[in-house]
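Undergrad: Numbering (the numbering used here), first residue to last: 1 to 163.
Each residue gets a CB set at the ideal place from its N, CA and C atoms; glycine is no exception.
Being a predicted model, the structure only gives us computed values, none of them experimental.
I have a structure I would like to understand better, so I am pasting it below and will then ask my questions one at a time.
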């Protein structure tokens, strides 16, 4: 029987990714999402995919056009390429990541009182949490966040070396 009988329809989602490995995997790539969400109508969202995917996911990098299986736990962040719908900013947040980078993001997720603090958002059940970054969504692996604080500075990704 041909393998084509077992292919599942997938939607290609172009994102920018950073994976914590040596050498680091960073750049534009394609993830494969389901055309059907398990949690509502419409296609699977990137947030759903990242928080409910199996431990290893296939990723295609355009420069090689080959598939690489990546451990989801080693992904630092996934940055969507298309603009996000405008949302009110709850607060500016500065995150320090395990790869020594700092990132200024906007928390837009509104949580119900009394659990509406940044602490509550970071301690939620999701593996990846979403923020706004320069008008787009970025999903950050909570296990890669070392520190966080409310911050009013501009949105930028910076490393201590300025690279």
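Please report the distance separating the alpha-carbon of residue 138 from that of residue 91.
TA: 15 Å
Undergrad: Kindly indicate which residue of 97, 73, 88 has the alpha-carbon position closest to the one of residue 57.
TA: 73
Undergrad: Mapping DSSP to helix, strand and coil, what is residue 49?
TA: helix
Undergrad: Is it buried or exposed, residue 201, if we count other Cβ atoms within 10 angstroms and call 16 or more buried?
TA: One cannot answer for residue 201 here, as it falls past the ends of the chain, which runs 1 to 163.
Undergrad: Give the straight-line distance between the Cα atoms of residue 51 and residue 127, rounded to the nearest whole angstrom.
TA: In a straight line, the C-alpha of residue 51 is about 6 Å away from that of residue 127.
Undergrad: Where in the stretch 84-125 do unbroken runs of the alpha helix (DSSP H), each at least 4 residues long, occur, reported from the N-terminal end onward?
TA: 118-122
Undergrad: For the stretch 62-73 and the stretch 24-43, state whether three or more C-beta atom pairs, one from each stretch, are separated by less than 8 Å.
TA: Flag = yes, the stretch 62-73 and the stretch 24-43 touch.
Undergrad: For residue 78, I'd like the list of residues in its chain whose CB is within less than 6 Å of its CB, leaving aside the five on either flank, ordered along the chain.
TA: Result list for residue 78: 15, 17, 139, in chain order.
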